[in-house]
DNA sequence: TATGAATGAGTATTCATTCAT
DNA sequence: GATGAATGAATACTCATTCAT
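Residue numbers (my numbering), protein chains in the order written: chain A, 6 to 195; chain B, 6 to 195; chain C, 6 to 195; chain D, 6 to 195.
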């Protein structure tokens, strides 16, 4: 009967946190996040029990946003190469479109405040990507390795690519394309 | 302020900082570092003007240690592939041998407290690596890209490889070897 | 604001407050009291304007409960000694039966948040006790003192007795009896 | 070689705490205590790890001061009655001389923040008091009870006496004397 | 130079109370 | 009236840095 909790407010806090953390690191005060989100200091804690909880939920939210973009329009029936390209482009495009989210995700990934649980959930295989990786690597030099390793290479190489695009936005397309070729060669050639 | 007396103390602080930051993140108190280094709280500040200075010098020290290992015994006259393998192995071996240093370097790399200057110095081309990269990429899919991009791929892929070795130390050699093949295919194949 | 609807709810809050304050002290949050009483946080404030009001009303309620038990079946026509014993037993029995109430009353008695008014009302003479004290002390060493002083001794000695009974419940009766003899000697002997 | 910790400062904090807690209860802010003690907010925590530690140490300090006064000039060879009178007077005089300390001690005695350990140490028998109580009660109505119970009666009755002296300081002596007679009768008469 | 006590700005979190539903 | 989300002042404690010894 009382005022219901607002999903909007929760999202506003998450977005504000992304901005603030991107600017000042995860040691930025919760008060600043609250102000930027347009809520009172105390309100932040009705949506997130503690700063650590906020950090973990933000991490999962960012990971989830990235996945969504990788899966959006995923061509399940195309060749492994085309599916790989789709996933690659999704990753790179997400990173380019969300520089703050990417920065924060990078910080959270190496933070001691993200629990093992969050990391596990955040890195779990998803959609058809796992399967695509398996197909792609089947005859390549990595054929003996775990798909997760190939997935890690995808992330690592995409990150490197994004950071170069950020420095030279005008060459975004060449970087994205060349990065993909490098990735594809890395995992599929023998 | 003149050069501080004891180079030993300076190193002790740097080592202590590595351990403490690896355990608790870079927000760990300087007092704890001082204690672990066996010096008084105030003494830390005669060796490093401020915590930020310590952070930056630690970053450069770590980067420098990594380079040393990549260059140690570098086969300047061998084939590009062999030189690449040497650099790759140097990176991976350093990471495996210095898990704390690697963890801290990862944190510092994404920290707002590391200055642009430090990042530039820390990522500058060195030894014969730049040249090796140029040769290796000459005919590959990355031929149009900057060598720095290829260097970034080396780091990124080596990091991914190290983190998998950390999870499965017994398969260190397969990971290191397969990782290198993937890297080599990524940059040299067309 | 008119009289709140439910006397039951008011009592539930008072009881919950007793439990919670006994466990955590009077600095326990009102939210916890509300939860234990089975009402919403805000509802508590329709029954008690503020936490201070709650504290004061609880104090008076507890005092009142104690009095009731001291007066229940009070033998107005018996000897002073018997009347004194009745009052004494009433006090001790109440304390033993209501350990939480006793604990909270002790805290409130020394709290700055209980007003002078409440203290006055809570310590006012009542029933035939005042008169009994007067008779009992008439020939004793305290004959020159105020009855209130004797009343204070009764409370003090009964409290001490109760706390020993709490530690050794099996010797409740000896403690209660010996305590009364000590009290009676204290006030009646010359 | 650095500035040594100052016993004076520690005492200043303890005294300030006594004043502030007497005025506002133990929920008074540590910042106010620090200010009143003339030290920085943080300094309080170099002398007392936490507010709870301060509370416990203050409790023990107050108890210890009370004991000192009870034992000062204690007539070990006098009659039990004279020794009892000395202890009684010591208690009452301490209470009258330290109204703030007494008030705070009363609050701490019923506080959940005082550990069992502190309570045990603070109530341990001391000097020749225990022995005196034993002698005095040997033939009285309490002969079967523990000396600790008699000690508790002494405290309880002395407290009641002090509080009446506080209301009527001019009748301090009569109250003190009559209170003692009452106490003596309570424990020694059969 | 080395030490560690002193400083006080900074911060996560709590909580009585208000008020939209 | 009942609910519980919203508020923001209040507060214990931390910590980089300074400075007396």
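Ideal Cβ placement from N, Cα and C applies to all residues, glycine included.
Interface residue (Cβ-Cβ distance to chain B less than 8 Å): residue 177(A) is not classified as such. When DSSP states are grouped into helix, strand and coil, residue 133(D) belongs to the coil group. Contact between residue 134(A) and residue 192(A) does not hold, since their C-beta atoms are separated by about 13 Å, which reaches or exceeds 8 Å.
Here residue 68(D) is buried: its Cβ has 16 or more other Cβ atoms, across all protein chains shown, within 10 Å. The three-state reading of DSSP puts residue 96(D) in helix, counting H, G and I together. Taking the C-beta atoms as reference points, residue 187(B) is found nearer than 8 Å to residue 162(B).
For the C-beta of residue 149(A), the chain B residues within less than 8 Å are, from N- to C-terminus, 179 and 183.
Judged by DSSP in its simplified three-state form, residue 119(B) adopts coil rather than helix or strand.
Residue environment analysis places residue 45(D) among the exposed positions, since fewer than 16 neighbouring C-beta atoms fall within 10 angstroms of its C-beta. The Cβ-Cβ distance between residue 84(B) and residue 146(B) does not fall below 8 Å. Residue 132(B) and residue 76(B) have their C-alpha atoms some 7 Å from each other. For residue 82(C), the three-state secondary structure derived from DSSP is coil.
Taking 8 Å as the CB threshold, residue 192(D) lines the interface with chain C. In the structure shown, the three-state DSSP call for residue 53(D) is coil. With 16 or more neighbouring CB atoms inside 10 Å of its own CB, residue 61(B) falls in the buried class. Sorting 42(C), 175(C), 102(C) and 43(C) by C-alpha distance to the C-alpha of residue 71(C) places 102(C) at the top. With contacts defined as CB atoms closer than 8 Å, residue 17(C) and residue 25(C) fail to qualify as a contacting pair.
Across the set 19(B), 97(B), 140(B) and 29(B), the C-alpha of 29(B) shows the shortest separation from the C-alpha of residue 112(B). Around the beta carbon of residue 54(C), fewer than 16 other beta carbons sit within 10 angstroms, so the residue counts as exposed.
Within the region 22 to 42 of chain B, 29, 30 and 32 place their CB atoms closer than 7 Å to a CB of chain A, listed in sequence order.
A distance below 7 Å between beta-carbons, with the five flanking residues on each side excluded, links residue 177(C) to the following residues of its chain, in chain order: 101 and 170.
Taking CB atoms only, residue 162(C) has a neighbour in chain D less than 8 Å away.
Residue 27(B) places its beta carbon less than 8 Å from that of residue 109(B). In the assembly as shown, residue 106(B) is a buried residue. Its beta-carbon has 16 or more other beta-carbons within 10 Å. Residue 154(C) belongs to the set of residues whose beta carbon lies under 8 Å from a beta carbon in chain D. Sequence-ordered contacts of the region 111 to 134 of chain B with chain A read 111, 112, 114, 115, 116, 117 and 118 [C-beta pairs closer than 9 Å].
Interface with chain C (8 Å Cβ-Cβ cutoff): residue 49(D) is excluded.
Only exposed fits residue 78(A), as fewer than 16 other CB atoms lie within 10 angstroms of its CB. At a cut-off of 4 residues, the continuous stretches assigned as alpha helix (DSSP H) that sit fully inside the region 21 to 70 of chain B are 35 to 42 and 46 to 52.
Distances from the CA of residue 137(B) to each of 14(B), 104(B) and 92(B) were compared; the closest alpha carbon is that of 92(B). Minimum Cα-Cα distance from residue 66(A) among the listed residues 160(A), 23(A) and 159(A) corresponds to 23(A). Between residue 10(A) and residue 47(A), the alpha-carbon positions lie close to 14 Å from each other.
When the five nearest sequence neighbours on each side are left out, the beta carbons in the same chain lying within less than 6 Å of the beta carbon of residue 52(D) are those of 15 and 18, in order along the chain. Taken through DSSP and simplified to helix, strand or coil, residue 164(B) comes out as helix.
When secondary structure is reduced to three states using DSSP, residue 9(D) falls in the coil class, being assigned neither helix nor strand. Secondary structure at residue 110(B): helix, using DSSP grouped into helix, strand and coil.
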